[in-house]
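One structure is given below, encoded as structure tokens.
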Amino acid sequence: MSTEICEVVITADSADWLVEFTRRLVDDRLAACGQNIAAIRSVYRWEGAVQDEPEARVALHTRVSLVPQIVQRANDEHPYDVPCVIALPVIAGNPAYVDWVLTETESA
């Protein structure tokens, strides 16, 4: 079973900012829901140096067709110069949940 939905992962340095960003995306029907994790630790290379920083993470459930709009919103509103926004395919799931995600998001 392949679906029209995906999970979009976004990280940020502020859990509060990320929750509010998630709320705006859900309110605008770009995501059906967002599961926020307030405390993660990210190790990454930035501008030639290895960084080790606390961050927050959200997993948004949305339509594949809405990913470009979510990426644009993140690029416009996110405090990072290059925000992490990646979409992961949902290859199968509870059909009722998939239908709910599709119902709660706008068709592109």
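Numbering (this note's numbering), first residue to last: 99 to 206. Backbone N, C-alpha and C define an ideal beta-carbon position, used for all residues, glycine too.
If the criterion is Cβ atoms closer than 8 Å, does the pair LEU128 and LEU186 meet it?
Taking the sequence shown and counting its residues from 1, one reaches residue 128 at position 30. Taking the sequence shown and counting its residues from 1, one reaches residue 186 at position 88. Taking 8 Å as the Cβ cut-off, LEU128 and LEU186 do not qualify as a contacting pair.
CA nearest to the CA of GLU175, picked from ASN192, CYS104, LEU116
Start at 1 with the first residue of the sequence shown, and residue 175 comes out as number 77. Looking at the Cα atoms, LEU116 is the closest of the given residues.
Mind checking who ASN192 pairs with in its DSSP beta bridge?
Residue 192 sits at position 94 when you count from the first residue of the sequence shown. The partner list for ASN192 (beta bridge, DSSP) is empty, contrary to what the question assumes.
Got a sec? Which residues, its chain only, sit under 7 Å from TRP198 by beta carbon, not counting five neighbours each side?
Counted from its first residue, the sequence shown places residue 198 at position 100. Excluding positions up to five away in sequence, the list reads ALA130.
Helix, strand or coil: how does DSSP classify GLU105 here?
On the sequence shown, position 7 is the one that residue 105 refers to. Here GLU105 sits in strand by DSSP.
By DSSP's criteria, LEU158 is part of a beta bridge. Which residues make up the other side?
Counted from its first residue, the sequence shown places residue 158 at position 60. In DSSP, LEU158 forms a bridge with VAL106, GLY132.
As a quick exercise: from VAL180, ARG139, ARG122, pick the residue whose alpha carbon is nearest that of GLU145.
Residue numbering aside, residue 145 sits at position 47 when the sequence shown is read from its first letter. The shortest C-alpha separation from GLU145 is found at VAL180.
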